[in-house]
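Contents: one structure, followed by commentary.
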Amino acid sequence: MYLVTGATGSLGRRIVRQLRENEQPVKAFVRLSSSFGELEDRGAEIFIGDLKEERDIVKACRDVKYIISSHGSGKDAQALDYRANIDLIDRAVANNVEHFVFISVLGVDRGYQDSATFKAKREVEKYLIASGLSYTILRPSGFANNIIPLAERFRDTGIYFSIGDQKNRSSIVSTDDLAKIAIASTQIEAAKNQIFAVGGPDILKREDIPRILARLFNREPIVINPPLELFDGLRIGVGLINPQLNKSLGTLRTLLANEFFCTIDEIARLESTFEMKMESLESFLHRYVGQ
Ligand SMILES: NC(=O)c1ccc[n+]([C@@H]2O[C@H](COP(=O)([O-])OP(=O)(O)OC[C@H]3O[C@@H](n4cnc5c(N)ncnc54)[C@H](OP(=O)(O)O)[C@@H]3O)[C@@H](O)[C@H]2O)c1
């Protein structure tokens with residue numbers, strides 16, 4: 015039995031779908047407020063709980079062989095990125111879970127102090143490595159599904175909105191590929207006790223994305239590119255009214271201000287370990303929003 019946290023999220027939903035396509039038993043950790051009907055229809059066991067509640071984690075971890083931690087944090091990195099993962103790891107140890115897959119983030123080891131999420135994920139990585147569990151840590155770049163709403167707006171209006179330096183590079187990863195890798199990590203010997211940077215096959219500059227969309231939809235892009243300083247100014251303004259929101263914008267600021275791309279060697283290692291070819295952003299978008 016697999017336990018998947020964040021099962022209604024962009025990644026978790028894909029993990030559950032793929033597991034069910036392969037007729038694997040899966041317990042989907044969901045909140046009552048979320049829409050989980052599709053997961054139930056696919057034959058997933060639905061576990062309703064809140065990852066902020068340790069007793070829900072204790073209960074969810076009973077009778078599971080593999081745990082894939084793929085939940086996100088919203089605004090509460092302390093409770094969700096950090097504490098919930100520590101609790102999951104503790105329960106995995108107590109229940110002799112065979113393998114634990116943790117979805118971290120590319121650049122987690124660069125010491126970004128402005129992002130509670132990056133700091134939490136790094137601490138969880140260390141805790142997992144020291145736990146004695148068999149583990150795989152995946153450090154993905156930005157997910158391709160994030161681009162879908164931008165692509166849909168581009169298709170309808172020709173407008174593409176992107177903050178900050180357009181030369182910044184990333185290795186946007188197909189969310190379907192990442193789901194496949196997360197599942198395969200529980201089975202492939204060479205993935206045991208390893209950390210992988212996970213990205214798409216291409217190193218893309220931000221300015222490449224509207225070009226891809228222009229090819230997909232055969233229209234000229236109108237790029238709106240506010241500078242990062244505008245974001246910083248707004249953040250300071252927000253901070254005067256809501257200091258907590260200001261803090262939680264630190265992760266977004268970190269993502270906007272820095273580059274998150276995988277090296278050619280990292281992609282080669284990924285493709286050879288998991289025996290797959292990583293999908294390009296263009297192909298992903300073509301499948302989801304192409305004409
Ligand atoms: N998105 C990216 O570009 C990116 C890049 C690198 C790494 N990552 C990491 O990849 C992971 C998955 O990201 P994602 O984009 O798929 O996340 P997402 O779409 O934002 O989904 C977050 C999931 O966490 C669940 N969740 C939030 N609070 C919860 C709580 N208190 N109890 C139970 N479940 C809760 C949400 O449930 P509800 O449906 O109930 O809200 C949802 O299923 C995260 O760890 C993220 O940090 C993401």
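Here the numbering used here is used: the first residue of the sequence shown is 15, the next is one more, and so on. A virtual CB, placed ideally from N, CA and C, is assigned to each residue, including glycine.
Placement of the Cβ of F157 at a distance of less than 7 angstroms from at least one heavy atom of ligand 1 is found. The DSSP-derived three-state label of T265 is helix. With 16 or more other Cβ atoms from the protein chains shown falling within 10 Å of its own Cβ, M292 counts as buried.
At least one heavy atom of ligand 1 is found less than 7 angstroms from the C-beta of H85. With fewer than 16 neighbouring CB atoms inside 10 Å of its own CB, D279 falls in the exposed class. Residue pairing from DSSP places E59 in a beta bridge opposite K41. When the alpha-carbon of R31 is set against those of E273, A158, L53, M15, the nearest one is in L53.
Assignment of alpha helix (DSSP H) within the segment 160-216, counting only whole runs of 4 or more residues, yields 161-171, 189-198 in chain order. Closer than 7 angstroms to some heavy atom of ligand 1: that describes the Cβ of V119.
Per DSSP, F114 lies in no alpha helix (DSSP H) segment; the continuous beta strand (DSSP E) that holds it begins and ends at 113-117. DSSP places L248 within a helical segment (H, G or I) once states are collapsed to three. Taking one beta carbon from each stretch, the segment 138-157 and the segment 209-228 have 3 or more pairs nearer than 8 angstroms; the two touch. CA-to-CA, the gap between L227 and I177 works out to about 17 angstroms. Contact check for D190 against M290 fails: the beta carbons are separated by 8 angstroms or more.
When the alpha-carbon of I173 is set against those of I238, A204, H113, A193, the nearest one is in I238. Exclusion of the five residues before and after E112 leaves K79, Y80, S148, T200 as the residues of its chain whose Cβ lies within less than 8 angstroms of its Cβ. Here P154 carries a strand assignment [DSSP, helix/strand/coil]. In this structure, I162 is the residue among N182, K140, I162, A204 with its C-alpha nearest to the C-alpha of V303.
With a threshold of 16 other beta carbon atoms within 10 Å, G251 falls short and is exposed. Taking 8 angstroms as the cut-off, the Cβ atoms of V44 and E59 do not count as close. With 16 or more other CB atoms across the displayed protein chains lying within 10 angstroms of its CB, K133 is buried. Rounded to the nearest angstrom, the gap between the Cα atoms of S118 and I255 is 31 angstroms.
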